[in-house]
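Let me begin by presenting the structure, written as structure tokens, before commenting on it.
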Amino acid sequence: MATIRPRVKAPRKASAGEVVEIKTLINHSMESGQRKDKDGNPIPRQIIHRFEAQFNGQEFFAVDLQPAISANPYLSFFAKLEESGEFTFRWHDDDGSVYEETKSVEVT
Amino acid sequence: MMTTMLKVLGRGVLGLAGAGMMAAVAAAPAAADESTGARIDWGPYKVGDVRSGYTYAGAQTRAMQDDEFQNPAFLWLERGMDIWDTVEGEAGKACADCHGDAEESMAGVATRYPIYFEDWGKLMNIEQRINWCRETQMRAEPFAWESDDLLGITAFVKNQSKGMAVDVAIDGPAAPFFEMGKDFYQTRRGQLDLACTHCHVDNPGNLIRAEILSQGQVNGFPTYRLKWQTVGSLHRRFRGCNKNIRAEPFPYGSDEYVNLELYTSWRGNGLPVESPSVRK
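Chains A and B are the protein sequences, given in the same order.
Oh and the first sequence: position 102 is 102 in the working numbering, straight run, nothing missing.
Each position in the second sequence, counted from 1, maps to that position plus 1000 in the working numbering.
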């Protein structure tokens, strides 16, 4: 789809020391570079090759994605929260674009 | 199960063995593992002998559908949600201007379609209804078949009936079209000389090569199909089936397929609307 729309599910509130699950999903064709179009020309690779998650500026989770990963990659991971702050999620596209999403969480 | 496992790996859930990474597994009606041979209570997904495609899907595929966040079709559905409020066409209208809140006005709609449409003197399905509205009421360009826009708005409209029982009418003016759909369903075609019934009535649950045949119920369309890696319409599925038996597929929105859509929907009367579902 033309517009890239990241979706993130993270709790808004948590208690100190709690381990929370974060789910992310982004629509992306993850074109592997192995396919050919109708005329037999190779379709250039275009995937999301890196995903990073930060909390208050500190990276706590990152993934290198490879061409064999299917379209619309879904990632789920966990974080242990000690203080309130803001999550930043970044998806790096092969074409140089970076899709960013932020979520804030209040820790009590 | 192996193939389903691989598909899930492909989506990057299990394939990335980072610390603390885990696939979310939602507890669905399927309480028991089918590998143990235990009988599973399918809840609303099984009505009498009628079983949704959900009951033939692997556990991971079902988990993807059960979690609305994980279900990639919701990316399309959100697009449909935006289209609902977007003003387009010479009449300067959006869907919402006539139909208001979709949650109220569209609830139950997906259980009734395809319907007999008097102006056309034939059946009309939801995609055609949406495009008819766009052309006649909004005076806007109709969406192309299988475009992300049409799939998105169809998924959004049908999702408003989620969980409601399919109940299409096959009497009155729809009756002759129902008969035509039934004929289509029972007619052998293609080089393999197979009718729909040979797989979906005689052999659901049996293997066709490595795949488990389902009853071919249509209550979950448009569906996110892992093989397609995108959302697709029922007519795309019909075309795929026709190609599999080496028959010439009919065009999207053709009378043959809309009649068939009525017949296949009727076969699943009583099943809940699942749109947008996830299938392998």
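The C-beta atom is built at its ideal place from N, Cα and C for all residues, glycine as well.
In whole angstroms, what is the alpha-carbon distance linking B:Ala1215 and B:Asp1202?
Looking at the sequence provided, one finds Gln at residue 1215 of chain B rather than Ala. The alpha-carbon atoms of B:Gln1215 and B:Asp1202 are separated by roughly 9 Å.
Going by Cα to Cα distance, which pick from B:Asp1066, B:His1200, B:Gly1121 and B:Asn1159 is closest to B:Trp1076?
Closest option to B:Trp1076, Cα to Cα, is B:Asn1159.
For A:Trp91, which of helix, strand or coil comes out of DSSP?
Strand at A:Trp91.
Taking the alpha-carbon positions, what's the B:Lys1233 to B:Phe1117 distance?
It should be noted that the sequence gives Ser, not Lys, for residue 1233 of chain B. Cα-Cα distance, rounded: 21 Å.
Does the distance from the C-beta atom of B:Arg1246 to that of B:Gln1191 stay below 8 Å?
Their beta carbons are under 8 Å apart, which means B:Arg1246 touches B:Gln1191 by this criterion.
State the start and end residues of the unbroken alpha helix (DSSP H) segment that holds A:Ile48.
Where A:Ile48 is concerned, there is no enclosing alpha helix (DSSP H), although the beta strand (DSSP E) it sits in stretches over Ile48 to Phe55.
Return helix, strand or coil for B:Ser1105, following the three-state DSSP convention.
DSSP places B:Ser1105 in helix when its eight states are reduced to three.
Contact defined as beta carbons within less than 8 Å: I believe B:Ile1170 pairs with B:Trp1266. What is the distance between those atoms, to the nearest angstrom?
Contact holds; Cβ gap of about 5 Å.
How about the region 1203-1210 of chain B and the region 1252-1263 of chain B: do they share at least three Cβ pairs that are nearer than 8 Å?
No, they do not touch.
For the region 1224-1246 of chain B, which residues have a beta carbon sitting closer than 8 Å to at least one beta carbon of chain A?
Against chain A - using a Cβ distance shorter than 8 Å - the residues of the region 1224-1246 of chain B are Leu1226, Gln1229 and Thr1230.
By the three-class DSSP mapping on this structure, what secondary structure does A:Lys38 have?
Looking at A:Lys38 - three-state DSSP - the assignment turns out to be coil, as it is neither helix nor strand.
Quick one: measure Cβ to Cβ for B:Leu1213 and B:Val1047, integer angstroms, because I've assumed they're closer than 8 Å.
With a Cβ gap of about 19 Å, B:Leu1213 and B:Val1047 do not count as contacting.
Starting from the C-beta of A:Glu101, find all residues in its chain whose C-beta is less than 7 Å away, skip the five residues before and the five after it, and write them out in chain order.
Hits under 7 Å: Pro6, Val8 and Phe89.
Determine, using beta carbons only, whether B:Pro1044 comes closer than 8 Å to chain A.
No, because no Cβ of chain A sits closer than 8 Å to the Cβ of B:Pro1044.
What's the C-alpha gap between B:Gly1108 and B:Asp1167?
Approximately 9 Å between the Cα atoms of the pair.
So, are the CB atoms of B:Thr1111 and B:Val1273 less than 8 Å apart?
Yes; because the gap between Cβ atoms is below 8 Å, this pair is in contact.
Quick check on B:Ala1032: buried or exposed, where buried means 16 or more other Cβ atoms within 10 Å of its Cβ?
Caution applies to B:Ala1032, whose pLDDT of 49 falls short of 50 and renders its modelled position unreliable; the value that the coordinates give is listed next. That one is exposed.
Closer than 7 Å between beta carbons: that is the criterion. Which residues of the region 1049-1076 of chain B meet it against chain A?
Correct list: Phe1069, Gln1070, Pro1072 and Leu1075.
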